[in-house]
Every structure is written in structure tokens, then in C-alpha cells.
Amino acid sequence: MPFRKGSNQSIYVPLRTKFIVLFCLLITIPFLVIGTISYKKYTAGVERSTVELSNQVVSQININLEHYIKELDRLTLTPLYDEDMMQILRKHSGNGSANTYLTTDETLKMNLFISSLAFDRGEIESILVFTNDGGIFSNLDQSVRKRWDRSMADWMEAVEQEDGGLAILPPHTAAYYTEAKQGIISVARVIREPYTNDMLGIVKVDLTARGFGSIVSTVRSSGSGLLQITGKDQVMLYSGPGGLPDSGESYITASACSSYTGLKVTSLIPRTQLREDARELTNSTLIVSIVALMAAYAAAILLSNRLIKPIAHLQSKMRQVKRGLFLERATVTTSDEIGQLTEGFNTMIGEIDRLVKEVYETRLKEREAELLALQSQIHPHFLYNTLEMVNMLALQGNTRELSGVVTSLGKLLRYTVGHQEQMVYVLDEVKFVEAYLRIQGMRHGDKLQAMIHIDSSFDYCVVPKLILQPLIENVIEHAMGQDKLQLVLTASVEEEDLVLSVKDDGLGITGERMQELEEQLFQNKSRPRPETEQGGFGRIQKGFALRNVHQRLRLLYGEPYGLTLDNTADRGVTVSLRLPMNWEAMNNAGPAGDRQEEA
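In terms of full-length UniProt numbering, the sequence shown is numbered consecutively and its last residue is 599.
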């Protein structure tokens with residue numbers, strides 16, 4: 001934070017900062033106080049409401065549970081009112097194995113009666129009748145054993161202790177199933193002879209896991225938390241979804257106990273669950289607070305805008321000038337020191353713009369002159385070599401071949417001399433190279449094999465004029481030995497740049513000579529004109545034509561464009577030109593190659 005010292009050594013604080021701090025305090029502190037009070041009041045109210053609701057829920061569950069147990073009580077008393085069933089139980093009331101055989105008729109009658117009791121009762125796993133002599137009747141004929149013994153019935157002692165009353169059995173193991181089942185909750189009673197009070201057997205109803213759960217689910221609410229049902233001696237009969245209570249959690253407890261069944265229903269509600277709604281209120285308050293703070297920031301910004309806006313505007317214009325936009329001018333909106341600073345900035349940028357234009361125009365003219373000089377060095381070289389071949393054909397008297405050479409030469413001269421455009425289409429340049437190769441083909445015969453593999457999609461890509469012919473001529477003059485020479489011209493795209501390559505399988509270049517050529521190619525400073533040999537070919541021999549082509553591309557496009565050499569193959573050299581992919585339309589009516597055919 002900027003500061004200054006006055007006579008009283010006080011710290012300077014900007015007015016804008018004061019406004020922001022003041023607004024933050026006025027908005028944040030009241031909201032924090034109101035939010036804290038609201039949170040506590042809301043939490044206490046929710047807790048009271050939840051306790052009342054939980055008491056109502058457990059009371060309703062207790063009532064439903066009583067009705068359900070009474071219904072099961074009546075169901076277990078039903079065998080006493082069916083004489084056929086009582087006769088069968090009397091027949092098997094003796095202990096031991098005297099009457100242990102269960103006839104088909106007895107089994108059919110008992111199973112039919114038991115199945116009628118279990119009909120449409122999805123919460124009942126099975127209803128079983130245990131006879132004194134070890135027989136078992138059940139509605140599950142296939143999954144229940146036919147015989148029982150004391151090792152399968154450790155629960156019978158609790159039933160017998162009720163002396164004919166209904167016994168509610170906590171979760172236990174039912175070993176009388178063909179596959180023993182764990183955690184079975186059951187109700188059972190002893191069936192006695194009405195007149196003698198002798199024990200005839202035991203009727204037992206096994207409940208599925210949905211037994212108590214179906215009763216609870218009818219009145220469960222989202223705020224009821226954990227629910228437990230316990231029997232005598234606090235034995236757990238049922239624990240609802242959520243498992244056992246967490247010892248580290250604080251709960252609100254509501255319970256109800258049935259005098260008829262002796263069962264106790266308990267609801268445990270985590271206090272953290274009650275605070276969820278309070279958190280929503282807190283979050284809402286926090287959002288409102290943030291919005292209010294944003295409004296305070298906006299007000300502070302608007303109040304300080306008169307001072308800040310002119311400075312920000314001037315800063316923006318300075319960034320534009322930094323990127324080279326010297327035509328940018330700042331708007332003067334005030335008449336104070338900032339306005340005077342803006343006027344001085346505009347005057348300074350105007351003077352810089354004038355000086356830059358003078359230097360740029362001077363450099364541009366120098367560049368154009370150097371480019372024309374480089375191109376003029378290529379034209380005579382090609383013409384000298386062609387005229388020398390014409391002279392040779394004339395001396396030999398080959399008039400037909402001479403006529404073809406002269407015609408091709410005329411077309412080449414129209415292309416190089418008759419049209420002064422610096423940029424041409426790839427199609428024009430390829431036609432020029434084809435005409436040149438026809439002339440060289442007449443000179444070398446079958447010894448020269450040239451192939452051009454350039455897709456037609458590159459035809460109207462714009463390239464510098466006379467950029468390929470020096471490379472072709474360089475191959476013919478210096479790569480050809482006693483064997484046939486194969487020359488291939490290709491075009492490709494690499495990283496959105498156009499690459500034109502001339503590859504040959506000729507004599508190649510030694511490593512020492514390659515290093516010398518690369519040094520000549522990439523020299524930035526101008527060097528003395530190399531010595532020439534007869535016919536002007538010495539310039540190519542020493543790499544001067546290649547350097548001219550490379551320098552033309554560097555002057556036109558800059559780095560990384562230009563010429564590269566590759567002699568890594570077994571034979572020959574590949575010379576590649578990299579230049580930008582440019583599809584800009586030419587000013588002329590059509591390609592120069594088409595205009596060659598006019599005459």
C-alpha cells in the first residue's frame with residue numbers, strides 16, 4: 001500500500017481503500033451477527049419440532065406393531081379351532097419314536113392348512129408346526145426338514161416358558177431348514193389340549209427381514225433417524241437402515257413401550273442431521289452477504305472511477321504503442337495533471353511515429369533494391385547456358401531440334417523478361433521448369449531423366465518467380481557424372497508451410513564441401529562476389545546461385561524460411577525450399593504459364 005509521511009508521521013491511505021474497507025465492515029458485521037443469531041434460533045426450533053415429530057412417529061410405530069403382533073397372536077391360535085389339525089397333533093403327541101411316521105394324508109392336510117394361513121403374507125418366511133414326537137409340518141415343503149431334535153430347537157425353552165402365551169423370539173439360527181438361516185425373528189406358542197392342558201406341539205411363525213421393516217416403513221419420515229425395536233431384557237429385535245448408533249455422535253432420543261407386547265420402539269436422530277437445514281439458511285445468508293459485498297465494491301469503484309478511468313485509459317494506449325501501434329492516441333478528458341500528461345503522451349507518440357516511418361521506408365527501399373539485384377544475377381546465368389547450347393545445335397545442323405530449343409527459349413524469355421511480376425503461381429513456375437528441362441533434355445538425351453511429382457492442389461499457391469530453375473540447373477551442371485542422372489521435383493506441406501524439394505541421385509557432395517556451402521548460405525553479411533569460370537558457371541560451382549535463392553527467400557519472408565541441403569542418402573543431394581503457404585490471388589488475369597501459350 002503506498003504511503004507518505006507528513007508532519008504528524010501518519011500513514012497515507014487512499015480514499016478508494018477507505019471506501020472499500022468501510023463498506024465491507026458495514027455489510028459483513030451485521031450479516032455475521034444476524035446469521036449467528038438466526039442459526040442458533042433456527043437450530044433450537046428445528047430440534048423441538050423434531051422431538052415432537054419423533055414422539056409421534058414412534059407412538060404410531062408402537063401402535064402398528066401392537067396390531068401386527070395381535071394379528072400374529074390370532075394366527076398362532078388358529079390350529080386350536082381346526083379339529084383335523086388337533087387330531088393329527090394328538091396322534092403325534094407322545095415322546096419317543098412310537099408314532100413318528102407322518103402319513104401322506106396327514107402331511108397333505110397340515111400343509112394345506114398352514115399354506116392357507118401364510119397366503120398373501122409376504123412378510124412371513126414360513127409357518128411351522130413342531131409335534132412332540134419330532135415331526136415338522138410347514139408350508140415350505142422342500143426347504144424344511146421333516147424331523148427335528150433338541151439340537152435344532154434351542155429356542156423352544158423360551159416358548160415353553162410362556163406356558164401357552166405368545167413368545168417373541170429375537171434373531172436366532174433356524175437349523176431346521178435344509179440350509180440353516182441366520183438372524184430369523186419369530187413368534188411362537190405352545191399348543192395345548194383344551195381339556196387336559198397337555199402339550200401337543202408348538203406353532204412357530206418365522207418372519208422375513210421385511211417383517212418389522214414393513215411396519216416401520218409405513219410411518220418413517222426423513223427426520224426419524226435410526227430406529228430400533230427391542231424385546232425383553234433389551235434384546236435387539238430390529239435395527240433399521242443406518243446400522244448401530246455411533247458412539248461419538250450426539251442423538252435426540254424418542255421411545256415408546258408397548259404393555260401388550262413388551263416391545264420398545266426407539267428413534268435416534270443425529271443432531272448433525274438437524275443442522276443440515278440450518279446450514280442451508282447459513283449458506284443462503286452467506287450468498288446474500290457476498291452479493292452485498294460485491295455491490296459495495298461496485299459502489300466504491302464507481303465513486304473512484306473519475307480518478308482511475310483516465311489513468312487506465314492512458315495505460316491501455318501505452319500497451320498498444322508497446323505492440324507497435326503508433327497511430328494510437330489517448331483521449332484528453334480532464335484539464336488537470338492527468339490531462340497534461342495525456343497531451344504530452346500524444347505529442348511524444350506522434351514524433352516517434354514520424355521517425356519510425358522515415359527509417360522503415362528507407363529500409364524498405366534498400367530491401368527492394370537488394371532483391372532486384374539478386375534476381376538479376378540469376379537471369380543472365382540461365383541465358384548464357386541456353387545460348388551456348390543453341391550455338392552447339394546450330395553448328396551440328398540439327399535444325400528440327402534447334403527450332404524446338406529456340407521456341408522453348410522464346411517462351412522462357414517471355415516468362416522472365418516480358419512479365420515483371422515478382423510473385424507467380426506454382427503452376428507457372430512448374431511450366432517454366434518443364435520448358436527448361438525440354439531444352440536440357442535435347443542437350444543430354446537419355447542421360448537426364450527428370451520427373452515432376454507436384455499435386456495439382458498446389459497449382460495456385462503463390463511463390464517467388466524463378467525460384468526453382470537455379471536448383472534444377474545446379475543439379476544438371478554439378479551432379480551429373482558418367483551414369484544416368486535422375487532428378488525428382490516434389491512439393492509437400494510441413495507445419496503449414498510449403499516445401500519444394502529437388503532430389504537427385506548424382507555425384508553428391510562431400511562433408512567438407514557441404515560445410516562450406518552451408519557457411520556461404522547462412523552468412524548474414526554480404527560477401528565479395530566469387531570468382532567465375534567460363535560461361536558464368538563458376539558462380540554455381542561455388543554455391544553462389546544457391547545463396548542467391550536462399551537470400552531471396554530470407555528477404556521476402558524472414559526466418560525460418562529459406563534453403564536447406566541434405567546429403568544423408570546413399571547418393572545425390574536433396575535441396576529443399578521452405579516458404580509460407582500463400583493462396584493470395586494474383587493481380588494478373590491468369591497464370592503466367594497460360595500466357596506463355598498465347599504467342
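By construction, the Cβ of each residue, glycine as well, lies at the ideal position given by its N, Cα and C atoms.
Nearest CA to the CA of residue i: which residue from the options?
| i | options | result |
| --- | --- | --- |
| residue 49 | 570, 472, 334 and 253 | 253 |
| residue 77 | 135, 28 and 164 | 164 |
| residue 86 | 73, 106, 70 and 95 | 106 |
| residue 268 | 295, 238 and 228 | 228 |
| residue 611 | 29, 272 and 176 | The first residue shown for the chain is 1 and the last is 599, placing residue 611 beyond what the model contains. |
| residue 688 | 501, 474 and 577 | Shown here, the chain extends from 1 to 599; a query on residue 688 therefore has no answer. |
| residue 318 | 103, 74 and 350 | 350 |
| residue 425 | 204, 456 and 445 | 456 |
| residue 460 | 325, 430 and 448 | 430 |
| residue 155 | 135, 130, 571 and 138 | 130 |
| residue 137 | 38, 462, 205 and 232 | 205 |
| residue 236 | 178, 481, 170 and 397 | 170 |
| residue 607 | 70, 405, 249 and 151 | Here the chain comprises residues numbered 1 to 599, so residue 607 is not present and cannot be evaluated. |
| residue 143 | 167, 161, 178 and 124 | 178 |
| residue 326 | 333, 356 and 283 | 356 |
| residue 458 | 79, 479 and 427 | 427 |
| residue 522 | 562, 487 and 404 | 562 |
| residue 601 | 501, 500, 441 and 415 | This structure cannot speak to residue 601, because the chain is shown only from 1 to 599. |
| residue 112 | 124, 141, 132 and 102 | 141 |
| residue 150 | 139, 162 and 135 | 135 |
| residue 249 | 262, 497, 270 and 265 | 270 |
| residue 295 | 157, 482 and 26 | 26 |
For residue i, does the three-state DSSP call read helix, strand or coil?
| i | result |
| --- | --- |
| residue 582 | coil |
| residue 87 | helix |
| residue 94 | coil |
| residue 685 | Residue 685 is absent from the model: the chain starts at 1 and stops at 599. |
| residue 60 | helix |
| residue 396 | helix |
| residue 325 | coil |
| residue 79 | helix |
| residue 112 | helix |
| residue 121 | coil |
| residue 261 | coil |
| residue 317 | helix |
| residue 295 | helix |
| residue 154 | coil |
| residue 145 | coil |
| residue 537 | With a pLDDT of 30 at residue 537, under the threshold of 50, the modelled position of that residue is not reliable, and the figure given next carries that caveat. The answer is coil: DSSP assigns residue 537 none of H, G, I, E or B. |
| residue 332 | coil |
| residue 103 | coil |
| residue 351 | helix |
| residue 30 | helix |
| residue 441 | helix |
| residue 429 | helix |
| residue 290 | helix |
| residue 384 | helix |
| residue 37 | helix |
Using a Cβ-based criterion (distance less than 8 Å to any ligand heavy atom), does residue i qualify as near the ligand COA?
| i | result |
| --- | --- |
| residue 112 | Inclusion of the ligand COA in the displayed structure is not the case, the ligand content being empty and no account of it being possible. |
Per DSSP, what are the beta-bridge partners of residue i in this structure?
| i | result |
| --- | --- |
| residue 172 | 184 |
| residue 137 | 129 |
| residue 423 | 464 |
| residue 514 | Its beta-bridge partners do not exist; DSSP assigns none. |
| residue 167 | 188 |
| residue 269 | 252 |
| residue 566 | 574 |
| residue 229 | 238 and 265 |
| residue 503 | 488 and 574 |
| residue 449 | 486 |
| residue 493 | 498 |
Of all Cβ atoms in chain D, is any one closer than 9 Å to the Cβ of residue i?
| i | result |
| --- | --- |
| residue 432 | No chain D is part of this structure, which consists of one protein chain only. |
Practice task
Could you tell me whether the region 73 to 92 touches the region 190 to 205, where touching means 3 or more Cβ pairs closer than 8 Å?
Solution key: yes
Practice task
Decide if the region 184 to 197 is in contact with the region 106 to 121; the criterion is three or more beta carbon pairs, one per stretch, under 8 Å apart.
Solution key: The answer is no - the region 106 to 121 does not touch the region 184 to 197, with fewer than three Cβ pairs under 8 Å.
Practice task
Any chance you could list the beta strand (DSSP E) runs of at least 3 consecutive residues sitting entirely within the region 451 to 486, in chain order?
Solution key: 462 to 464
Exercise for the section: Indicate whether the contact test is met: 3 or more Cβ pairs, each with one atom in the region 429 to 442 and one in the region 554 to 567, closer than 8 Å. Expected result: No: fewer than three Cβ pairs fall under 8 Å.
Handout entry: Completely contained beta strand (DSSP E) runs for the region 175 to 210, where each covers 3 or more residues
Key = 181 to 192 and 199 to 207
Problem - Meets three-Cβ-pair contact criterion under 8 Å: the region 556 to 573 and the region 501 to 517 - result: yes
Practice task
Report yes or no: do three or more beta-carbon pairs, one from the region 176 to 185 and one from the region 112 to 123, lie closer than 8 Å?
Solution key: Flag = no, the region 176 to 185 and the region 112 to 123 do not touch.
Practice task
Flag this pair as touching only if the region 475 to 486 and the region 440 to 453 have three or more C-beta atom pairs under 8 Å; answer yes or no.
Solution key: yes
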